[in-house]
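So the sequences go chain by chain: V and H. Per the numbering used here: the first sequence = residues 1 to 421. Per the numbering used here: the second sequence = residues 1 to 421. Read through the structure below, which is laid out as structure tokens, and then see the notes.
2 protein chains.
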Amino acid sequence: MALIVHKYGGTSMGSPQRIRNVAHRVAKWRKAGHQMVVVVSAMSGETNRLLALAKEVSPHPDPRELDVVATTGEQVSIGLLAMALKDLGVDAVSLTGWQVGVFTDNAYMKARIDTISQERIRRELDAGRVVIVAGFQGIDPDGNITTLGRGGSDTSAVAIAAALHADECLIFTDVDGVYTTDPRICSDAKRLPNITFEEMLELASAGSKVLQIRSVEFAGKFKVPCRVLSSLTDPDLPVEEEAVSGTLITYEEDPKMMEKALVTGIAASRSDAKVTLHDVSDTPGVASSILQPIADANIDVDMIVQNVSVQGKTDFTFTVPRGDLEKTVQVLKEQVLPKAGGEGIVTNDRIAKISVVGIGMRTHSGVASRMFKALSEEGINILMISTSEIKVSIVVDEKYTELAVRALHHAFGLENGPSEV
Amino acid sequence: MALIVHKYGGTSMGSPQRIRNVAHRVAKWRKAGHQMVVVVSAMSGETNRLLALAKEVSPHPDPRELDVVATTGEQVSIGLLAMALKDLGVDAVSLTGWQVGVFTDNAYMKARIDTISQERIRRELDAGRVVIVAGFQGIDPDGNITTLGRGGSDTSAVAIAAALHADECLIFTDVDGVYTTDPRICSDAKRLPNITFEEMLELASAGSKVLQIRSVEFAGKFKVPCRVLSSLTDPDLPVEEEAVSGTLITYEEDPKMMEKALVTGIAASRSDAKVTLHDVSDTPGVASSILQPIADANIDVDMIVQNVSVQGKTDFTFTVPRGDLEKTVQVLKEQVLPKAGGEGIVTNDRIAKISVVGIGMRTHSGVASRMFKALSEEGINILMISTSEIKVSIVVDEKYTELAVRALHHAFGLENGPSEV
């Protein structure tokens, strides 16, 4: 008997029939003898409906109250799934974030989890119940309702699996695993039976939509064995077969794999915007003076490039989430330009970030040069470059996204699975 | 500066525009210098939508989980109203039942309030905020979500007003007060500027839909000054004018009024069903042996009639809510008939209960006889009779409802307001 966490997203919970299917799948695992905790999202479309309703009432809804409204979507889901399980003769109980004790900071709409209480979940598990937990939500130290931000149900599931030391966290989604790249862009993309945590983290940060990056960070921090698998398979698929499907995130490096120097996948993201400050003074601390106010405004900065200095002036370029571009420019104008000087701000929200990821590349050069060659052969101009130990990311004009992905997928021979460099 | 509780129902909260109107009205009261607590229902149609969704998932939804689902309607409402108030520059905060600390028993779907914590509400009021509280919901001693049953938001409002010792509880609804009878049935019905608590209680139990009976009971227990008034008036109506509109429930009897022996109103209800057990043994304790299992099944019994005994056998008749008829028959068949004997069960769910209410009738006879005369003149057969100190109720065939109401309204001259008997 193992302790297993399942997570089902909005599509899996998208209708009464689908909720009954989820119940069927969970019941199958329970009947196989496992202790089960199930984390669910709101029914697909429900969160958007609630946010639209709020916008109809208030053009700029108060964040605290928006979280009060938005969390009802998951609360409906947990109640519905629990009653569907009871109909199948499986004892179950639903718990909201506050009932579990999912304690977060007080950053409404993008709260971070501090601690998760085990007491209530353990009590219900010990009583033989399947525990259905509302994803995406928590409470701050004053008992206010918070949300973890979009896609936060993945994070809830992994965090709960970590808190309970679950044997495995199965994240059911509408794809059957992690691929060498997006199969909708590249038809010969290959599913990876497993992937290292570091690669998964880079893929998530590089724009792969399979898992929310914060959930991957959580998984890595607590080494939670996570498996991404499909909720669209036959619900009667035997448990032993389902248990080895999809893609498993691993934490132990395989020494043989290391030597083989693999590129694992290509990710593309169209969710960023590029901001350039021209001719700022190149003095010590200028980067911090630009980025600190951005961070204070709770805006995540991804890639950062600073050109060499010419006559004590430099260009400073970085990327932010596209939705935060307006706010970023406002912060720069109000707080940065008056101090740092600079000749003005140039923005571009029609960019794509393409990343080549592979744990192998840390010991091998040549990945970047092969990338640049493949792109130049297609006549694609590179606007920014950023590298990490196991990732090379480039920014190109958005219109080249698919072309660039296919060119790189082919350049690294990924149609045959993870490739040697 | 007074502490005022407002309550707005589903119709008042029925659209983003209406929610902004409610915010406007509350802001007006706040700006007049009052401390404000506002209790709201789910947007009209929302509770039914949620219950229908649950029924789609599960034909007989688990009560605990149904409450988890149903309470989201009010949670959406409080968030939306709080953000609308903030848009008007009025500081506001929404609180769910568990955030306030509305503690109930654990009878899901019809829980009763035990205590209400003042701590959080007082803290928010002291900080100068309007406090928006979700009606209809609470938590049981184990932290499970409960609901007070249909119409429970009235009860929430009155209970919170009682706990806070509020100066007045204003219940905004789609009628502009309590009438001598339903104006849709009797066009010359008159609005009552005030009504005694006892009369209001009898009217509520007799089927007047203005206030839920449990809310009136709560009001009486703690002598909460409650006013029923319209939410359809101009939101810019001056506070001093609005404060004296509608119908006020009073607790002090006016000695002059007592002598005048008034009949205050006529109420009609079509929500009951009649159950008769034929030829049960007329032994001591038989009534209890019939009614105790019904009570244990959480079914409310209203009128009870037992005929005189013939040869040690009697007929036993009572009324229950129409929706509980099926369950009642089941309980009788399983638990009562095997013990009490009896020749079988006869039910009738096409009945109406018509009640004449007036605090004056306790010192005057003649009300019942005038009733029976008026009904017999219209050829209406009386199926059951039940009397209390200030009410006479009769049960008739449902098809006579309007005719009986108009005949009685005229017989007591209520077209000229509350009448002497």
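Built from N, CA and C at the ideal position, the CB exists for glycine as well.
Residue i: contacting residues in chain V (beta-carbon distance under 8 Å)
i: A107/H; result: In chain order: nothing, as chain V lies at least about 17 Å away.
i: G143/H; result: Q99 and R120
CB of residue i within 9 Å of CB of residue j, strictly
i: I145/V; j: G135/V; result: no
i: S156/V; j: K7/V; result: yes
i: V224/H; j: A295/H; result: no
i: D349/V; j: D302/V; result: no
i: G79/V; j: S41/V; result: no
i: N81/V; j: A92/V; result: Looking at the sequence shown, residue 81/V is not Asn but Leu. Contact flag set, yes.
i: A32/V; j: V239/V; result: yes
i: A267/V; j: D142/V; result: no
i: V131/V; j: L170/V; result: no
i: I290/V; j: V305/V; result: no
i: T173/H; j: T250/H; result: no
i: V39/H; j: V26/H; result: no
i: G97/V; j: E46/V; result: no
i: V395/V; j: K274/V; result: yes
Minimum C-alpha distance to residue i - residue among the options
i: L403/H; options: I390/H, E389/H and I354/H; result: I354/H
i: A297/H; options: R120/H, E334/H, G79/H and V286/H; result: E334/H
i: T328/V; options: S153/V, Q311/V, T247/V and Q292/V; result: Q292/V
i: I351/V; options: V320/V, L232/V and G379/V; result: V320/V
i: E378/V; options: T104/V, R406/V, I385/V and S386/V; result: R406/V
i: M158/V; options: I113/V, I185/V, D174/V and V175/V; result: Contrary to the premise, residue 158/V reads as Val rather than Met in this sequence. That would be I113/V, whose Cα lies nearest to the Cα of V158/V.
i: G177/V; options: A189/V, V331/V, G413/V and A52/V; result: A189/V
i: R270/V; options: K209/V, A111/V and G33/V; result: K209/V
i: V30/H; options: T47/H, L50/H, L3/H and M43/H; result: Residue 30/H is actually Arg in this sequence, not Val. Checked all of T47/H, L50/H, L3/H and M43/H; the closest Cα to R30/H is L3/H.
i: A166/V; options: T276/V, R129/V, R370/V and M1/V; result: M1/V
i: V90/H; options: V68/H, V100/H and E124/H; result: E124/H
i: K86/V; options: E326/H, L383/H, S58/H and H409/H; result: S58/H
i: G358/V; options: A52/V, S393/V, G341/V and K339/V; result: S393/V
i: K339/H; options: L375/H, R322/H, L325/H and T283/H; result: T283/H
i: G101/V; options: Q330/V, R120/V and L332/V; result: R120/V
i: E252/H; options: R214/H, N194/H and D140/H; result: N194/H
i: M361/H; options: E199/H, V310/H, G323/H and I213/H; result: E199/H
Those residues which DSSP pairs with residue i across a bridge
i: N194/H; result: L248/H
i: N348/H; result: K274/H
i: S355/V; result: A267/V and S393/V
i: I139/H; result: F103/H and I145/H
i: E74/V; result: None; E74/V has no bridge partner.
i: C169/H; result: V5/H and C226/H
i: T115/H; result: F103/H
i: M303/V; result: Per DSSP, none; premise fails for M303/V.
i: T319/V; result: K274/V
Neighbour-count burial assignment, residue i, 16 or more Cβ in a 10 Å radius
i: K391/V; result: buried
i: K373/H; result: exposed
i: F222/H; result: exposed
i: N21/H; result: buried
i: T104/H; result: buried
i: V244/V; result: exposed
i: K399/H; result: exposed
i: Q17/V; result: exposed
i: T115/H; result: exposed
i: G246/H; result: buried
i: S12/H; result: buried
i: R49/H; result: exposed
i: G152/H; result: buried
Within chain H, partners of residue i - CB distance below 9 Å
i: R129/V; result: Near R129/V there are no residues of chain H at all, since even the closest Cβ is about 11 Å away, more than 9 Å.
Within chain H, the residues that residue i reaches when beta carbons sit closer than 8 Å
i: A54/V; result: G79, L80 and M83
i: K86/V; result: S58, D62 and E65
i: P16/V; result: L53, E56 and V57
i: L50/V; result: V76
Interface residues of chain V facing residue i [CB-CB closer than 9 Å]
i: K110/H; result: Residues of chain V passing the Cβ test: none, with the nearest at roughly 17 Å.
i: R20/H; result: V57 and S58
Near the ligand GDP: residue i beta-carbon under 8 Å from a heavy atom
i: G323/H; result: Among the ligands in the structure shown, none appear at all, so the ligand GDP cannot be discussed.
Chain V contact residues for residue i, given Cβ-Cβ distances below 7 Å
i: D72/H; result: The amino acid at residue 72/H is misidentified as Asp; the sequence shows Thr. By Cβ distance, chain V contributes T72, Q75 and V76.
i: V69/H; result: V76, G79 and L80
i: S94/H; result: E65 and V68
Proximal residues of chain H, C-beta to C-beta of residue i below 7 Å
i: L125/V; result: What L125/V touches in chain H: nothing, since even the nearest Cβ is about 16 Å away.
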